[in-house]
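Residue numbers (my numbering), protein chains in the order written: chain A, 4 to 281; chain B, 4 to 281. Every residue, glycine too, gets a C-beta built ideally from N, C-alpha and C. Quick notes on the structure that follows.
There are 2 protein chains.
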Amino acid sequence: MGSEFEEREKKRRMLIERAKSGIAEAYSSEEYPLMQAISTYLEIDKIMNLVYERLNEWYSLYFPELKLSNPESYARFVVSFGMDKKKVEKGKLAELLGSKAAEEVARLAEQSMGREPNSDEYVAIKEVASNYLRLSDVQKAIDAYLAAATKRVMPNVSYIIDYHIAAELLGKAGSLEKLATMPSSTIQLLGAEKAFFKHLKYGSKSPKYGIIFKLADISNGKRELRGKIARVYANKISIAAKADAFSKRFIADELKAGLESAIKRIQASEGKGKEHKF
Amino acid sequence: MGSEFEEREKKRRMLIERAKSGIAEAYSSEEYPLMQAISTYLEIDKIMNLVYERLNEWYSLYFPELKLSNPESYARFVVSFGMDKKKVEKGKLAELLGSKAAEEVARLAEQSMGREPNSDEYVAIKEVASNYLRLSDVQKAIDAYLAAATKRVMPNVSYIIDYHIAAELLGKAGSLEKLATMPSSTIQLLGAEKAFFKHLKYGSKSPKYGIIFKLADISNGKRELRGKIARVYANKISIAAKADAFSKRFIADELKAGLESAIKRIQASEGKGKEHKF
Chain A
4 MGSEFEEREK KRRMLIERAK SGIAEAYSSE EYPLMQAIST YLEIDKIMNL VYERLNEWYS
64 LYFPELKLSN PESYARFVVS FGMDKKKVEK GKLAELLGSK AAEEVARLAE QSMGREPNSD
124 EYVAIKEVAS NYLRLSDVQK AIDAYLAAAT KRVMPNVSYI IDYHIAAELL GKAGSLEKLA
184 TMPSSTIQLL GAEKAFFKHL KYGSKSPKYG IIFKLADISN GKRELRGKIA RVYANKISIA
244 AKADAFSKRF IADELKAGLE SAIKRIQASE GKGKEHKF
Chain B
4 MGSEFEEREK KRRMLIERAK SGIAEAYSSE EYPLMQAIST YLEIDKIMNL VYERLNEWYS
64 LYFPELKLSN PESYARFVVS FGMDKKKVEK GKLAELLGSK AAEEVARLAE QSMGREPNSD
124 EYVAIKEVAS NYLRLSDVQK AIDAYLAAAT KRVMPNVSYI IDYHIAAELL GKAGSLEKLA
184 TMPSSTIQLL GAEKAFFKHL KYGSKSPKYG IIFKLADISN GKRELRGKIA RVYANKISIA
244 AKADAFSKRF IADELKAGLE SAIKRIQASE GKGKEHKF
């Protein structure tokens, strides 16, 4: 009886071990960190906007006239010159903004209505500004990882479209296998789930694209061609994902050539055989 | 005629100057940076939660068994030991977690199902973890400013309640003068505007407190006494704010003594003369 128990116990342990190694193997795929990385990247994008908004509102108390189109330059200005804007060294300012903008900013600082921050205030706001810059470094580190990892995990897909968008599609699909087995019409709408369900439920207009709208060919394309171009892209992405998930062959050269000529055809046929509306 | 024009021009400039210096004076009050600081402080609170969530989800791929109650310790673990959790030096780990928890974590690391991150992945996730720690430094810098500035701007209010809550009330009110001229019942509900308008519009239960719910005496108080204690606090805060805004005298010692004895009275009278509930 003792040995029967031992036998059973041995079997139980073996099964647990097998399950564990199965899970470990599943998690060992680089798909998972890649999906984590893209969602962190997108989150940090939002966070940077929030931090910049706060920084801008706060520092506007001291220098309401300062308008810079680049948030990073704004943060650098606060870090380097925020303590006393009137004592700005023009040479250093020109290094940051270029000499023409530096001239203008120095003039605005001279006439500014804002008082200087006291040193307590400056310590705090400088921390906020330098954190903005640190966030942009974090962003860059994740970006470098995304560029490398998408090449390894989905070499075909990331060859034909921007690797951020490739990673985002992967994240929305949930795994490379899922992305590869989706109909291309689903790929076309990945990320537009809300609009799509609204369409099904309330009969609002069906969305034509989800995440892939971010592709320049689509977002910068003529409005009436976007749907067609999106369809072509989704189709090629679907083929590329199948190659990445299953055959592991690199076929993206041909895919890209096919894609480009298809888009040219669509653009050339514009106006001819246009669908009639209403 | 020339001189009339010059006269008028001079007047115009003078008026502009006067308006400018009026605005500059208004902005020179430390109330404004204080309000900016508290709203940045609260925003960074939220951001830290977001970053921790992402860090935790990501690093769980490598060490799913790791559960630490303190997010800062978790981030430090990733920074110091995240590259290879099985090679953790127990002495160093004990410095971070205490020897008992270190023992347990080392054991979990030994048996963990997660693989180690590759170096690409580690560079990226380490950035995320160390940014979490940086955010906590930003938080501390702003906190130091808040502590000092509330003492200057609202010495009475920040003497009788926590300075974060004092600053938050100021921010919601919009200025010290506005806070000082509010009825104390409004102070009691500051920050509960949504619930209050819902009450007016739909007849739902009226809220009993807004921001001041965060005061330990209220949030840890007995449920049936909270409303009364909140009323007493709001009343004293209102008097304190008037002193901060107008008389500029320090009367918070007496206020605090009065507050404490009022709360004691409320707690002592518990049960006697209770309203009937069905």
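One Cα belongs to A/S31, the other to B/L173, and the distance between them is close to 51 Å.
Just measuring C-alpha positions, the residue of A/E9, A/E257, A/T184, A/M116 sitting nearest B/R21 is A/M116.
For A/P67, the three-state secondary structure derived from DSSP is coil. For B/V160, the three-state secondary structure derived from DSSP is helix.
In the structure shown, A/M51 adopts helical secondary structure according to DSSP, grouped into three states. Annotation for A/Q270: L228 place their beta carbon closer than 7 Å to its own, counting only its chain and skipping 5 residues before and after. Nearest to A/R155 by C-alpha distance, out of A/L37, A/S24, A/E7, A/R11, is A/L37.
Between B/A176 and B/T153, the beta carbon gap of about 14 Å keeps them out of contact (Cβ cut-off 8 Å).
If you look at B/L182, you'll find it in the alpha helix (DSSP H) that goes 179–184. If you keep only unbroken alpha helix (DSSP H) runs of at least 4 residues inside the segment 201–233 of chain B, you get 219–222. Using a Cβ-Cβ cut-off of 9 Å, B/P158 does not count as an interface residue toward chain A, since no Cβ of chain A sits closer than that to its own. The C-alpha of A/A246 lies about 44 Å from the C-alpha of B/D48. In this structure, DSSP gives B/G174 a helical state, which the three-state scheme calls helix. Relative to the Cα of B/H167, the nearest Cα in the group B/Y148, B/T184, B/K239, B/A243 belongs to B/Y148. If you draw a straight line from the Cα of B/R16 to the Cα of A/R110, it is about 18 Å long. For B/R11, the nearest beta carbon of chain A is not closer than 9 Å to its own beta carbon. For A/L258, the enclosing alpha helix (DSSP H) covers residues 255–271. With respect to chain A, the C-beta atom of B/N134 has a partner C-beta closer than 9 Å. Listed in chain order, the non-local C-beta contacts of A/R234 below 7 Å within the same chain comprise Q191, local neighbours out to five positions each way being set aside.
Only E46, I47, K49, I50, L53, V54, E56, R57, L58 from the segment 45–58 of chain A bring a Cβ to less than 9 Å from some Cβ of chain B.
With a threshold of 9 Å between beta carbons, B/R137 makes contact with chain A.
Our two residues, B/V82 and A/Q114, have alpha carbons roughly 46 Å apart in a direct line.
Residues of chain B with a Cβ closer than 8 Å to the Cβ of A/P74 do not exist, since the nearest Cβ in that chain sits about 16 Å away. Taking 9 Å as the threshold, the shortest C-beta distance from A/E180 to chain B does not fall below it. Taking C-alpha positions only, B/D146 is separated from B/S241 by approximately 24 Å. Contact check for B/A132 and B/L179: beta-carbon distance about 40 Å, past the 8 Å limit, so the pair fails to qualify. The Cβ-Cβ distance between A/K217 and A/D256 does not fall below 9 Å. Close to B/L64, with beta-carbon spacing below 8 Å, are these residues of chain A in chain order: Y30, Y35, P36, Q39. About 6 Å separates the CB atoms of B/Y55 and B/Y135; that is less than 8 Å, so the two are in contact.
Taken in chain order, the complete alpha helix (DSSP H) segments of 4 or more residues contained in the segment 61–111 of chain B are 74–84, 93–100. Sequence-distant Cβ neighbours of B/G224 in its own chain, meaning closer than 7 Å and more than five residues away, are I232.
Around B/V82, no beta-carbon contact reaches into chain A at under 8 Å, the shortest distance being about 13 Å. Per the Cβ contact rule, the segment 68–80 of chain B is in contact with the segment 99–108 of chain B (3 or more Cβ pairs under 8 Å). Counted as a single uninterrupted DSSP element, the alpha helix (DSSP H) harbouring A/L192 occupies residues 187–192.
With 16 or more other Cβ atoms from the protein chains shown falling within 10 Å of its own Cβ, A/S161 counts as buried.
Non-local C-beta neighbours of B/Y236 in its own chain, meaning closer than 6 Å and more than five positions away in sequence, comprise I215, ordered along the chain.
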